[in-house]
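Inspection log for the structure reproduced underneath, given as structure tokens.
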Amino acid sequence: MERKHNREIIPNARSLRKNMTREEKHLWYDFLRNYNTKIYRQKILGKYIADFYCAKAKLVIEIDGSQHFNDEGEYKDSERTKFLEKYDLMILRIPNNEVNKNFNGVCEYIDSVIKERINELKNNHSTAEGGPPLW
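Using the working numbering, you'd call the opening residue of the sequence shown number 2 and step up by one each time.
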């Protein structure tokens, strides 16, 4: 299993952090950065870099541009999702156009998913088996 901080992709994660898309910047600076539960941006998780990651909710938030909606993009996303779900992570995919046209709705949706997921994890903590940790 790859370690949490895969040294080979650290430079790529730093570059992605410095060069976020317009939609990622909007979501980060206008909502996620000051969210009441810690959220990381361009977080290394095994062999992947998540756009946003909330450890407490075991939630990955991906902001998807047009490249995600062709056959190759859908295949890569499917492989990535399978990998991350092995570690009991939930993947939330939000298209760029939703961030642009319905920002408040996207924020409300993310907020509700995080709260629901934290509550579920809290309630299932004693019985949850989950996957092995990513590190």
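All C-beta atoms in this analysis are idealised placements derived from N, C-alpha and C, irrespective of residue type, glycine included.
Note that the structure is predicted; figures quoted are calculated from it, not measured.
A straight-line Cα-Cα distance of about 15 Å links GLU117 and VAL107.
In this structure the stretch 55-62 does not lie against the stretch 8-22, because fewer than three pairs of beta carbons, one per stretch, are closer than 8 Å. Between the beta-carbon of ASN97 and that of ASP65 there is about 7 Å, and that keeps the pair under the 8 Å contact cut.
Under the three-state reduction of DSSP output, ILE62 falls in the strand class. Taking TRP29 as the centre and dropping the five residues before and after it, the same chain places the C-beta of MET21 and ARG42 closer than 7 Å to its C-beta, in chain order. Bounds of any alpha helix (DSSP H) do not take in TYR41; it lies within the beta strand (DSSP E) bounded by 41-46. In the three-state scheme derived from DSSP, where H, G and I count as helix and E and B as strand, ASP89 is classed as coil. Cβ contact annotation for GLU63 (same chain, cutoff 6 Å, sequence separation greater than five): ASP52 and ARG94, in chain order.
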